[in-house]
Amino acid sequence: MKVSNELFDLEAFLNRWLQRLAPTWYANQAVRQIALNDIGILNPSSYLAHRWMSLTSIISTCEEGLPEKHPVFSPLKPLLQKLLVSKKFDRLLNLTTITGVEVSSQDDKDYASLAHWAVAQPNLPPCSSADEFDALINQHFGKGNTPPKVVYREWDGRYYWINSEEPVVIATIARFATEKQREARVKAEIHVESVHEVTLERIRQQFWWLLLAKEQANIIHALLDAARLPVVVTNFESRRDDLAFLITPKHNPRLNRILLTLIQNKSSQEIVEFGRFLSRHHYAFRNQ
2 MKVSNELFDL
12 EAFLNRWLQR
22 LAPTWYANQA
32 VRQIALNDIG
42 ILNPSSYLAH
52 RWMSLTSIIS
62 TCEEGLPEKH
72 PVFSPLKPLL
82 QKLLVSKKFD
92 RLLNLTTITG
102 VEVSSQDDKD
112 YASLAHWAVA
122 QPNLPPCSSA
132 DEFDALINQH
142 FGKGNTPPKV
152 VYREWDGRYY
162 WINSEEPVVI
172 ATIARFATEK
182 QREARVKAEI
192 HVESVHEVTL
202 ERIRQQFWWL
212 LLAKEQANII
222 HALLDAARLP
232 VVVTNFESRR
242 DDLAFLITPK
252 HNPRLNRILL
262 TLIQNKSSQE
272 IVEFGRFLSR
282 HHYAFRNQ
């Protein structure tokens, strides 16, 4: 046991000595060998929209984690503030396209979508004929009714209904329309949430925006900080406190070499270039 402790102490001493003597080289070697945890599903399927990944929450949390008035990171905050844009359209909407709802359900069980939830409900309003189907649409969405408000997220192709009650009527109509291959188009107020592509490209040109397990993000932060390289770790979002962003500028060649070494041979389940992730997911809203 004594010999083992001495060897451990010697190894720790040599590591500290190497890190002080050649911190950049040491960081490059360390990230080459580091094992990353699986980050899991970022945007889970659910009929409850508050369980989805929220880009609004991510941007806000990321902004809050950036150091105040730091010359290297100060350009990032205004870019993040411009990254997400929203436009309102008054359009016809097929209720079968709604994936989730905003309300917090009383049901303990989750479902992959609103359609899956509807199939599992035994006590929905009666709607087994075309007449009952048309009556429900006219009663709740016909002339004189306030149009439903929905959000469409172009960056993941999901609609959710902004509601304060259980989605009983919409689910009933959508289920009948799906089963009978009927249209269920109603007038709606659609808020389209989009990523501003020019702003995203500027972020990608200027910064590494890497998502990984928080534990490893903190280890890499310590390595880069010891090498006196600019780096910051920010939280991902409140729903996933096990993940974090590692953010650094791209103007430093030494830093770039280290991060490219880190990313090399790692899978998208272990580390995600978040800007690239957003740029590769786009489902355009059909404005018609």
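FYI, in this note's numbering the residues of the sequence shown are 2 to 289.
Glycine residues also receive a C-beta, built at the ideal position from the N, C-alpha and C atoms.
- Rounded to whole angstroms, I191 and Y153 show a C-alpha spacing of 7 Å.
- Contact between the segment 44-64 and the segment 81-94 is present, with at least three C-beta pairs closer than 8 Å.
- A straight-line Cα-Cα distance of about 6 Å links V232 and I248.
- Under DSSP, E238 forms a beta bridge with R241.
- Distance from the CA atom of A131 to the CA atom of L43, rounded to whole angstroms, is 40 Å.
- For H192, the uninterrupted beta strand (DSSP E) run begins and ends at R186 to V196, by DSSP.
- Assignment of V152 by DSSP, reduced to helix, strand and coil, places it in the strand class.
- The three-state secondary structure of A218, taken from DSSP, is helix.
- Taking 8 Å as the cut-off, the beta carbon of W162 is found no closer than this to the beta carbon of I59.
- When Cβ pairs closer than 8 Å are counted between the two stretches, the segment 197-204 is seen not to touch the segment 229-244, the count staying below three.
- Taking every protein chain shown into account, the CB of T97 has 16 or more other CB atoms within 10 angstroms, so this residue is buried.
- Membership of N257 in the alpha helix (DSSP H) is indicated by the continuous run P254 to I264.
- Under the DSSP assignment, N95 falls outside any alpha helix (DSSP H), being part of the beta strand (DSSP E) whose first and last residues are L85 to N95.
- With fewer than 16 other Cβ atoms from the protein chains shown falling within 10 Å of its own Cβ, P72 counts as exposed.
- Residue pairing of V233 in beta bridges, as defined by DSSP: I248.
- Residue burial annotation: P68 is exposed, with fewer than 16 other C-beta atoms found within 10 angstroms of its C-beta.
- Collapsing the DSSP output to three states places Y48 in coil.
- Pairing N236 with D242 gives a Cβ-Cβ distance under 8 Å.
- The C-alpha of D111 is placed about 26 Å away from the C-alpha of L213.
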